[in-house]
Amino acid sequence: MHASRREAAWGAVFVGPWVIGFLLFTLGPLLASLVLSFTDFNLVRPEAVAFVGLDNYARLATDPLVVQGLLVTARFAILAVPVTMIASLGVALLVNSPRLFGRSGFRTLFYMPIQIPLVASTLVWIGFLNPETGWLNGILGLIGIQGPDWTNSATWVYPALTLIGLWGIGNFMLINIAGLQSVPTELYEAARIDGAGPWSMFRRITIPLMSPILLYNLVIALITTFQYFTQAYVLTNGRGDPNNSTLFINLDLFREAFVNNHMGYAAAIGWLLFVIVLALTLVLFYVARKRVYYAGGEA
Numbered sequence: 013m014h015a016s017r018r019e020a021a022w023g024a025v026f027v028g029p030w031v032i033g034f035l036l037f038t039l040g041p042l043l044a045s046l047v048l049s050f051t052d053f054n055l056v057r058p059e060a061v062a063f064v065g066l067d068n069y070a071r072l073a074t075d076p077l078v079v080q081g082l083l084v085t086a087r088f089a090i091l092a093v094p095v096t097m098i099a100s101l102g103v104a105l106l107v108n109s110p111r112l113f114g115r116s117g118f119r120t121l122f123y124m125p126i127q128i129p130l131v132a133s134t135l136v137w138i139g140f141l142n143p144e145t146g147w148l149n150g151i152l153g154l155i156g157i158q159g160p161d162w163t164n165s166a167t168w169v170y171p172a173l174t175l176i177g178l179w180g181i182g183n184f185m186l187i188n189i190a191g192l193q194s195v196p197t198e199l200y201e202a203a204r205i206d207g208a209g210p211w212s213m214f215r216r217i218t219i220p221l222m223s224p225i226l227l228y229n230l231v232i233a234l235i236t237t238f239q240y241f242t243q244a245y246v247l248t249n250g251r252g253d254p255n256n257s258t259l260f261i262n263l264d265l266f267r268e269a270f271v272n273n274h275m276g277y278a279a280a281i282g283w284l285l286f287v288i289v290l291a292l293t294l295v296l297f298y299v300a301r302k303r304v305y306y307a308g309g310e311a
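Quick note: the sequence shown, position 27, residue 39 per the working numbering, numbers continuous.
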């Protein structure tokens with residue numbers, strides 16, 4: 013009895029710092045933002061805060077910038093999420109191939125960019141995508157293609173941001189590699205004996221057995237896209253140019269909170285974003301119930 017109590021006490025000692033940190037830096041601010049969303053709290057006049065009920069949430073439906081921010085984020089997600097999923101799986105397949113010499117080196121090479129701070133890597137990519145001096149348009153010019161104005165065109169800015177995002181697929185790649193290595197090699201050997209080709213094995217063995225990993229990556233990619241901020245802010249200095257085509261919902265939230273000082277309204281935008289992401293995640297899990305294979309159990 014004394015030994016079990018001693019173990020429980022030591023467990024509390026080691027868990028305690030995490031619990032305190034969670035309460036102070038996660039749960040506390042989360043609840044504070046919920047309370048703020050029902051007020052007109054202003055950073056310039058904090059003493060004049062007043063309870064406004066659901067006024068902030070009612071304003072969301074008629075605020076053109078919020079609607080624009082959600083549309084911009086949704087359009088970007090439709091492009092960026094599939095590209096990220098396909099690219100990260102493709103790179104994982106490449107660096108996991110037994111026929112690739114120096115696989116460990118290539119894995120490190122593809123993972124390293126994620127260690128570079130987002131601001132620094134975005135600034136580098138802005139130089140790469142410069143319509144006059146950037147190397148990307150320079151390469152296109154060598155093959156007779158007139159490169160677009162990547163960062164100043166409402167049409168091309170989404171592909172540009174997607175390219176910048178591919179710089180950071182290292183985490184998704186590593187997770188996919190782990191999934192690929194968890195597929196029993198006996199299944200591939202049996203399929204080869206039965207005459208299955210690479211595409212057939214990929215479609216009927218790799219994808220089904222990796223479906224939990226792919227679902228996880230899809231959810232994380234979706235959440236990350238709806239939290240998109242740094243690259244868009246650095247690209248336009250927070251203006252959302254051109255013509256608000258990069259005014260992501262998080263950028264609008266930032267402007268309301270720290271430019272307009274409407275902290276209460278910004279908190280309401282944040283909770284709207286939370287509800288949207290939660291709803292989309294639940295829909296993904298519901299749709300995936302019968303499409304995701306879990307070894308030893310059902311989805």
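We put the CB at the ideal spot given by N, CA and C, even for glycine.
Going by DSSP in three states, F260 sits in which element: helix, strand or coil?
coil
According to the Cβ coordinates, are G182 and P125 closer than 8 Å?
yes
If we ignore side chains and look at the alpha-carbon of each, how far apart do L130 and L101 end up?
22 Å
Taking Cβ to Cβ, would you say N229 is nearer than 8 Å to I187?
yes
Look at G282 and L265 and say whether their C-beta atoms are less than 8 Å apart.
yes
In whole angstroms, give me the CA-to-CA distance for G191 and L290.
25 Å
What is the residue span of the alpha helix (DSSP H) that V84 lies within?
P76 to V107
Evaluate the contact criterion for the segment 62–74 versus the segment 143–151: three or more CB pairs, one atom per stretch, below 8 Å.
no
Does the count of Cβ pairs from the segment 164–181 and the segment 238–253 closer than 8 Å reach three?
yes
May I have the straight-line CA-CA distance separating A21 from L36, to the nearest angstrom?
22 Å
DSSP state of A311, grouped into three classes?
Interpretation of A311 is limited by its pLDDT of 48, a score under 50 that renders its predicted location unreliable; no figure is taken from the coordinates.
Taking buried to mean at least 16 other C-beta atoms within 10 Å of its own C-beta, is E343 buried or exposed?
Past the edges of the chain, shown from 13 to 311, lies residue 343, and the structure says nothing about it.
How about V79 and L259: are their beta carbons less than 8 Å apart?
Taking C-beta atoms as the reference points, V79 and L259 fail to come closer than 8 Å.
Kindly list the residues whose CB is nearer than 7 Å to the CB of G153, restricted to its own chain and excluding five residues on each side of it in sequence; keep chain order.
G159
Contact criterion: CB-CB distance below 8 Å. Does Y170 meet it with respect to chain B?
Any reference to chain B falls outside this structure, which holds one protein chain only.
Taking the beta carbon of R119 as the centre, do at least 16 other beta carbons fall within 10 Å, making it buried, or is it exposed?
So R119 ends up on the buried side.
Going by beta carbon distance, what residues of the same chain come within less than 7 Å of M213, once the five residues before and after it are set aside?
Y200 and A203
Looking at the strands, I want to know which residues DSSP matches up with F63.
T51
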